[in-house]
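Here is the structure we will look at, set down as structure tokens.
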Amino acid sequence: MKKYKKIPKIKNGHWLLGNISAVKDDPLHFYQESIKNYGDIFQFRIGHKKSIFINNPEYVKHILQKNSNSYSRHTGLAPLKDITGDALAVSDGEIWKKKRKLITPLFHKNKIEAYFDNIQGHIESKISDWDKTGEAWLFDSLSSVTLSVISDFTIGEGLEDEREKIENNLLRLFEIAFDRMKKGIPKWLPKTNQKEFNRLANGLNSIIESQIKRRESEEDIKEDLISMLLLASDSGNFKRSEIIGEILSIVLAGYETTSIASFRAIRYILSRPDILEKLKKEFETITKGQKLRLEHLSDFQYTTSIINESLRLSSVIWTIARESINNDVIDGYKIPKGTSIFISPFTMHRNIKYWENPNDFNPERFEKKIEHLYSFIPFGRGPRMCVGSTFSILEMKIIIYHIVMSGYKIMVPEKTKFHQTITLRPKMDVIITKNETKDQIMEREILYDFL
Ligand code: HEM
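In the working numbering, the protein residues as written are -1 to 449.
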């Protein structure tokens, strides 16, 4: 009989529930402590389910790239299908393959870059709102900018009147879906908040449907996602009924992620005068005092390093989960079919074998080649890598440029705590200001509990 290497097993689990309470209470703490005690691969149980955590980039490459066909999306994401149906982000197998082939070209660099003016317009108008009082709540503002951008990109421009409804319905729908995910409610049990869920979903569906009707009656073909999906459906590649789910899943995948990532990057920049100065110099040298244009962005190299370093430390998506659909062997470790696999960008980005002084914010580390490609996975890697990475990096560059050049400051030190949902969402906001002193701001800082 073939001998396999033994995967270290976490002790102290409950005989029936396994390690479920540790994983649910504070998963990041559980992962970090277990890495210290057991190393870069270990196993535990969630109920009866065998689960393996992996923090070794070569093994991650095996799962996400080399043998990705043997791993599907984790079943924990199933409640999202209540909102999105079999959309790209939550589907698997042949359905996923077909959708990925169809949707990837819609995120091509040229298509994304056509949104430069739109993004610039939204952040400029937000900053001119701030200028009326000389201050604003940063995360709240960034969330509103990124939501405007993504709804223009997906549903189309000119929806000012419906924007508040779109935002409120979406946020509440996602909250209900996350709650269902956390509770792991089985399919056959009645679902929580189903009436409210249906009302919110119907509200969104009718906005999207009216946009579809408008597109159908227009002569010009627009470049937004809804028009592109309609074209695909005309050529028989996509069912009309799938368009709404696809749009919602792209908003879900791209909205909160980009607002958190921009928030974290701005916080890092504005709390470090040395970085702020160097960045301003880059902006001034490249734009030569002219208005920001698309062609400037590719020369913003220090900005790119800052974004990478910020994505490394903030790890907006902190878990990538899979389920093995075949028996597999990784470096002599046996992975039986039906095992849950957990990979965490958060812990991988702090793996001391690949990152020197991992807790320091040091953008210069990205000026040289990183040691192992799979030790840096903010957008995942392999065939399921994020389709929106180019989009969010373009958006972040524009947002960072305008905020840095606007002269707003943050007066209080970083003390952000996070909700561990699908993202690491900040628990509190911070005031960004042009005119107050530190003491005044400190007096007025309020704790925000978003959930
Ligand atoms: C900083 C911002 C973002 C981060 C950190 C991020 C991160 C990720 C990660 C980690 C994955 C999962 C990869 C996997 O499971 O292997 C993913 C998938 C995905 N992302 Fe993003 N994302 C961001 C922005 C966006 C944006 C702006 C969009 C769309 C406009 C988007 C659309 C998607 C979609 C559709 C998928 C599913 C792809 C598939 O399953 O084939 N993301 N993203």
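C-beta: ideal position from N, C-alpha, C; glycine also.
heavy atom of ligand 1 below 7 Å from residue i C-beta
| i | result |
| --- | --- |
| residue 385 | yes |
| residue 285 | no |
| residue 451 | With the chain represented from -1 up to 449, any question about residue 451 goes unanswered, as that position is not in the structure. |
| residue 419 | no |
| residue 376 | yes |
| residue 86 | yes |
| residue 247 | yes |
| residue 259 | yes |
| residue 137 | no |
| residue 131 | no |
| residue 314 | yes |
| residue 336 | no |
| residue 252 | yes |
| residue 390 | yes |
| residue 153 | no |
| residue 168 | no |
| residue 148 | yes |
| residue 309 | yes |
| residue 382 | yes |
| residue 345 | no |
| residue 62 | yes |
| residue 318 | yes |
| residue 98 | yes |
| residue 255 | yes |
Buried or exposed (CB count within 10 angstroms, at least 16 for buried), residue i
| i | result |
| --- | --- |
| residue 20 | buried |
| residue 102 | exposed |
| residue 73 | exposed |
| residue 118 | buried |
| residue 197 | exposed |
| residue 334 | exposed |
| residue 394 | buried |
| residue 166 | exposed |
| residue 338 | buried |
| residue 402 | buried |
| residue 17 | buried |
| residue 240 | buried |
| residue 143 | buried |
| residue 5 | buried |
| residue 317 | buried |
| residue 345 | buried |
| residue 7 | exposed |
| residue 88 | buried |
| residue 244 | buried |
| residue 212 | exposed |
| residue 400 | buried |
| residue 234 | exposed |
| residue 31 | exposed |
| residue 192 | exposed |
| residue 325 | exposed |
Closest residue to residue i among the options (Cα-Cα distance)
| i | options | result |
| --- | --- | --- |
| residue 350 | 123, 309, 432 and 38 | 38 |
| residue 3 | 328, 366, 397 and 353 | 328 |
| residue 301 | 213, 284, 289 and 354 | 284 |
| residue 276 | 259, 298, 256 and 290 | 298 |
| residue 463 | 426, 369 and 418 | Given a span of -1 to 449 for the chain in the structure shown, any question on residue 463 remains unanswerable. |
| residue 355 | 242, 240, 310 and 372 | 310 |
| residue 1 | 245, 57, 332 and 67 | 332 |
| residue 292 | 238, 397, 28 and 339 | 397 |
| residue 137 | 171, 256, 42 and 35 | 256 |
| residue 152 | 226, 135, 121 and 195 | 226 |
| residue 360 | 208, 306, 419 and 314 | 306 |
| residue 174 | 258, 319, 81 and 43 | 81 |
| residue 308 | 261, 296 and 242 | 261 |
| residue 290 | 9, 214, 404 and 371 | 404 |
| residue 33 | 46, 45, 100 and 51 | 51 |
| residue 251 | 58, 432, 428 and 75 | 75 |
| residue 304 | 229, 391 and 163 | 391 |
| residue 85 | 238, 132, 271 and 176 | 238 |
| residue 247 | 422, 65, 97 and 62 | 97 |
| residue 42 | 340, 190 and 249 | 340 |
| residue 172 | 428, 427, 421 and 431 | 421 |
| residue 199 | 156, 163, 417 and 92 | 163 |
| residue 35 | 9, 77, 364 and 47 | 9 |
| residue 409 | 423, 433, 418 and 99 | 433 |
| residue 377 | 342, 431 and 231 | 342 |
| residue 155 | 266, 222 and 129 | 222 |
| residue 427 | 282, 44, 141 and 70 | 141 |
| residue 145 | 168, 49, 57 and 407 | 168 |
- prompt: Touch check for the region 378 to 387 and the region 94 to 110: three-plus C-beta pairs under 8 Å?
  reply: The answer is yes - the region 94 to 110 touches the region 378 to 387, with three or more Cβ pairs under 8 Å.
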